[in-house]
Amino acid sequence: FDAGLFAQSLMLAANAHGLGTVPQGFLTDYSLEVKQFLGIPDSKRLVLGISIGYPDMENVINTYRTTRVETEKILQWVE
Numbered sequence: 001f002d003a004g005l006f007a008q009s010l011m012l013a014a015n016a017h018g019l020g021t022v023p024q025g026f027l028t029d030y031s032l033e034v035k036q037f038l039g040i041p042d043s044k045r046l047v048l049g050i051s052i053g054y055p056d057m058e059n060v061i062n063t064y065r066t067t068r069v070e071t072e073k074i075l076q077w078v079e
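Going by UniProt numbering, the first residue of the sequence shown is number 1, and it counts up by one from there.
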């Protein structure tokens, strides 16, 4: 839970500075290899990676938009 809050805050802060982010949860599947490559000690646990960089909005992959369900169809406000 703490890692998720940290990741969200980091990604929001990066976005505020014009940077794009992509959470890389799959890195935990290769934690031994990643830790060896980055020199992270065995006493530390890899829980999430985040790619950070300047987005290329001209690239076709960054223009793709999925369809979304209307908020009213999936959310109910209770007072």
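All C-beta atoms, glycine included, are put in the ideal place defined by N, C-alpha and C.
When the options are compared against residue i, the one with the closest alpha-carbon
{"i": "Pro41", "options": "Ile61, Trp77, Ser31, Gln24", "result": "Ser31"}
{"i": "Gln24", "options": "Val47, Phe37, Ser9, Leu5", "result": "Val47"}
Where residue i falls: helix, strand or coil (DSSP)
{"i": "Thr63", "result": "coil"}
{"i": "Val22", "result": "strand"}
{"i": "Glu70", "result": "coil"}
Proximity of residue i and residue j at Cβ, strictly below 8 Å
{"i": "Phe51", "j": "Thr21", "result": "Checking the displayed sequence, the identity of residue 51 turns out to be Ser instead of Phe. Taking 8 Å as the Cβ cut-off, Ser51 and Thr21 qualify as a contacting pair."}
{"i": "Tyr64", "j": "Gly18", "result": "no"}
> In chain order, which beta strand (DSSP E) runs of at least 3 residues are fully inside the UniProt domain "Nitroreductase" (2-54)?
Replying inline: 20-24, 49-53
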